[in-house]
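Read in order, the letters of the sequence shown correspond to residues 3 to 479 in the working numbering. Glycine included, each C-beta is placed from N, C-alpha and C at the ideal position.
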Amino acid sequence: MSVEVKTICCIGAGYVGGPTMAVIADKCKYLKVIVVDLNKDKIDSWNDEDLTKLPVYEPGLKDLIKRCRGKNLFFSTNIQQSIAQSDMVFISVNTPTKKRGLGAGEASDLKYIESSARSIAEFAVGHTIVVEKSTIPVKTAEVIKTILFSSQKGLENKPSKSFTVLSSPEFLAEGTAIDDLINPSRVLIGGESKDSINALVNIYKNWVSEEKIIKTNIWSSELSKLTANAFLAQRISSINSISALCEKTGADISEVAKAVGMDYRIGRHFLKSGPGFGGSCFKKDILNLVYICKLYGLNEVANYWQEVLKINHWQQNRLTNIIVKKLFGTVTNKKIGILGFAFKADTNDTRESPAINICSNLLLEGAKLSIYDPKVKFQEISDSLNDLNNAQDHTIKIKDSIFTASSFEQLANGSDAILILTEWVEFKNIDWVKISKLMRKPSWIFDCRDIIDVNHFGESDLNIWKLGFGSNMDNQK
Ligand code: NAD
Ligand code: UDX
Numbered sequence: 003m004s005v006e007v008k009t010i011c012c013i014g015a016g017y018v019g020g021p022t023m024a025v026i027a028d029k030c031k032y033l034k035v036i037v038v039d040l041n042k043d044k045i046d047s048w049n050d051e052d053l054t055k056l057p058v059y060e061p062g063l064k065d066l067i068k069r070c071r072g073k074n075l076f077f078s079t080n081i082q083q084s085i086a087q088s089d090m091v092f093i094s095v096n097t098p099t100k101k102r103g104l105g106a107g108e109a110s111d112l113k114y115i116e117s118s119a120r121s122i123a124e125f126a127v128g129h130t131i132v133v134e135k136s137t138i139p140v141k142t143a144e145v146i147k148t149i150l151f152s153s154q155k156g157l158e159n160k161p162s163k164s165f166t167v168l169s170s171p172e173f174l175a176e177g178t179a180i181d182d183l184i185n186p187s188r189v190l191i192g193g194e195s196k197d198s199i200n201a202l203v204n205i206y207k208n209w210v211s212e213e214k215i216i217k218t219n220i221w222s223s224e225l226s227k228l229t230a231n232a233f234l235a236q237r238i239s240s241i242n243s244i245s246a247l248c249e250k251t252g253a254d255i256s257e258v259a260k261a262v263g264m265d266y267r268i269g270r271h272f273l274k275s276g277p278g279f280g281g282s283c284f285k286k287d288i289l290n291l292v293y294i295c296k297l298y299g300l301n302e303v304a305n306y307w308q309e310v311l312k313i314n315h316w317q318q319n320r321l322t323n324i325i326v327k328k329l330f331g332t333v334t335n336k337k338i339g340i341l342g343f344a345f346k347a348d349t350n351d352t353r354e355s356p357a358i359n360i361c362s363n364l365l366l367e368g369a370k371l372s373i374y375d376p377k378v379k380f381q382e383i384s385d386s387l388n389d390l391n392n393a394q395d396h397t398i399k400i401k402d403s404i405f406t407a408s409s410f411e412q413l414a415n416g417s418d419a420i421l422i423l424t425e426w427v428e429f430k431n432i433d434w435v436k437i438s439k440l441m442r443k444p445s446w447i448f449d450c451r452d453i454i455d456v457n458h459f460g461e462s463d464l465n466i467w468k469l470g471f472g473s474n475m476d477n478q479k
């Protein structure tokens, strides 16, 4: 029996829900697409006439919103009505690491998944296909099913609702989300009901070729997502561990990564060393994998993946130590310019950004930070640093120690060092010779994102340190 889907709803208007639904709306003009959220401010921003105020910055997103919003794409806080009129409901809510209680610090907090399932159970009308888009522990569909199916009990005399549950995890990466959604490497759909799977396939088929649509059982689908993120993060920790060895030996990490990556079995992507991976996914999903492994008594497997996280943290602390050592062992009251605060380029997202830990370490050492990021607001920077400060029981007065710079010149003026933490394209065009004249001597540039070419600094008196390479002042170079 084929299931006709005319209206879909997505619970969660965040980094996944917003862009994913915008692409679906653009590719499936026949569908009505409603994105709902509890957060009224967020929905207001999605509905703002001024498209620079969208809550998510993603290249290409503004054009999609302009094309579809108000036609077949709607953003709303009316969760009840939106679910009631939908044939298919996607759950794209956040699944952060639990802060307290059983599994605190490792397990995913499923409270938003549970409340979404309860809303669907309460408000759905007729048959509803529920699609897990959020990243969740394997076996979560069981929880969703239990909540949905228990809502049917007692309705024998008025069987007005029924459900099927699918898992279709999202593989987009921030900064390239629209491209990733339009040209996905694969679309994964796990489930039992063939009709429901086909209903979702029929949506994706509008722009994705069928060979790229993988159908699996629901548990494989849930676990594949965690595994994919763990493998990606593992590559970064692997290359970052080698970056430290390069700095000691005179090898150059970009040359090593190129030589290693040209073996097709290894592949050249995702081998860029840097200040460690950030973003809302990798750390949380590996912690979740670790927790699940422990639950099943697989302690060796848990320890294996835990190491990926340890190297990531170590890389950030290692960078801070290098900076302090190069600046004569102290940065107290020294001005350090920070270029980039987002966890990667082309996003305004700062969740788990390596900049948070590194800046916090420098603040603890007494530094004053002048920070510039093209897409991150000062409030966001200050909130992220305050959250870590409070979580670690430190008492730094963040607001007195950080400043935003509105130009590269302002950031450089009187600073002892500049630290590049995000690979924004605009940082590639900085006139470093001009900038160096504004800095206090001796002046240091710490490039953690392979942005600058040391060969262009022949006449300058700048000391340049590059991650995975070392310094132009080191004897062995
Ligand atoms: P987000 O925090 O940006 O957005 C989640 C939204 O859900 C929030 O706006 C929140 O207010 C809303 N919400 C929570 N509970 C709700 C409820 N009961 N009803 C209505 N709205 C509710 O999160 P995100 O980055 O979009 O991630 C969502 C999920 O997708 C997570 O499980 C994440 O792991 C996964 N994921 C994220 C990415 C990414 O790059 N960010 C990529 C793939 C998968
Ligand atoms: C990741 C996964 O890539 C994506 O498939 C999944 O759906 C969500 O999690 P995201 O976190 O948005 O996406 O960005 P990603 O490009 O994976 O980068 C994560 C972090 O790794 C960033 O901090 C980035 O700077 C860092 N990174 C990435 C490196 O340090 N080196 C690399 O070679 C690649």
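Taking the Cβ of Thr99 as the reference point, every heavy atom of the ligand NAD lies at 7 angstroms or farther away. For Thr79 against Val38, the beta-carbon gap comes to about 7 angstroms, under 8 angstroms, which counts as contact. Under the criterion of beta carbons closer than 8 angstroms, Ile93 and Ser136 qualify as touching, at roughly 6 angstroms.
A straight-line Cα-Cα distance of about 7 angstroms links Asn49 and Phe77. Look at Ala15: its beta carbon is less than 7 angstroms from one of the heavy atoms in the ligand NAD. Across the set Asn231, Pro186, Glu172, Ala344, the C-alpha of Ala344 shows the shortest separation from the C-alpha of Lys379. Residue pairing by DSSP puts Phe448 in a beta bridge opposite Leu421, Trp467.
Uninterrupted beta strand (DSSP E) stretches at least 3 residues long and entirely within the segment 51-111 occur at 75-78, 90-93, given in chain order. Judged by beta-carbon spacing, Ile122 lies within the 8 angstroms limit of Val91, meaning their Cβ atoms are closer than that value. Under the 10 Å beta carbon count, Asp65 is surrounded by fewer than 16 other beta carbons and is classified as exposed. Contact annotation: Ile13 and Ser118 have beta-carbon atoms nearer than 8 angstroms. Remark: C-beta atoms of Leu364 and Ile338 approach each other more closely than 8 angstroms.
Looking at the DSSP output, Thr218 shares a beta bridge with Gly192.
Minimum Cα-Cα distance from Gln83 among the listed residues Lys101, Glu108, Thr9 corresponds to Thr9.
With a cutoff of 7 angstroms, Ile81 counts as near the ligand NAD, since its C-beta is closer than that to a heavy atom of the ligand.
The beta carbon of Arg451 sits closer than 6 angstroms to the beta carbons of Gly276, Ile422, Glu425 from its chain, once the five residues preceding and following it are set aside; these are given in chain order. DSSP, reduced to helix, strand and coil, places Thr166 within a strand of the structure shown. Burial state of Met264 is exposed, judged by a 10 Å Cβ sphere holding fewer than 16 other Cβ atoms. Non-local C-beta neighbours of His315 in its own chain, meaning closer than 8 angstroms and more than five positions away in sequence, comprise Gly278, Asn359, ordered along the chain. By the C-beta criterion, the segment 427-434 is judged not to be in contact with the segment 211-231, since fewer than 3 inter-stretch pairs fall below 8 angstroms. A straight line joining the alpha-carbon of Gln317 with that of Gly470 spans about 11 angstroms.
In terms of Cβ geometry, Ala259 and Ile241 form a close pair [threshold 8 angstroms].
Annotation: the segment 377-425 contains the following complete segments of the beta strand (DSSP E) (minimum length 3 residues), in chain order: 404-406, 419-422. Pairing Ala27 with Gln412, the inter-Cα distance amounts to about 43 angstroms.
Looking at the DSSP output, Thr9 shares a beta bridge with Lys34.
DSSP places Lys44 within a helical segment (H, G or I) once states are collapsed to three.
In the three-state reduction of the DSSP assignment, Lys337 falls in the strand class. Burial check for Asp455: the Cβ neighbour count within 10 Å stays below 16, so the residue is exposed. Nearest to Val145 by alpha-carbon distance, out of Leu341, Glu176, Asp111, is Asp111.
Beyond the five residues adjoining it in sequence on each side, Leu291 comes within less than 7 angstroms, by CB distance, of Leu228, Ala232, Trp307 in the same chain, given in chain order.
Not one heavy atom of the ligand UDX sits closer than 7 angstroms to the Cβ of Ala232. When rounded, the separation of the alpha-carbon atoms in Leu75 and Cys11 is 10 angstroms. For Thr130, the uninterrupted beta strand (DSSP E) segment begins and ends at 128-134. Relative to the non-hydrogen atoms of the ligand UDX, the Cβ of Ile340 never comes closer than 7 angstroms to any of them. In this structure, Glu176 has its beta carbon less than 7 angstroms from a heavy atom of the ligand NAD.
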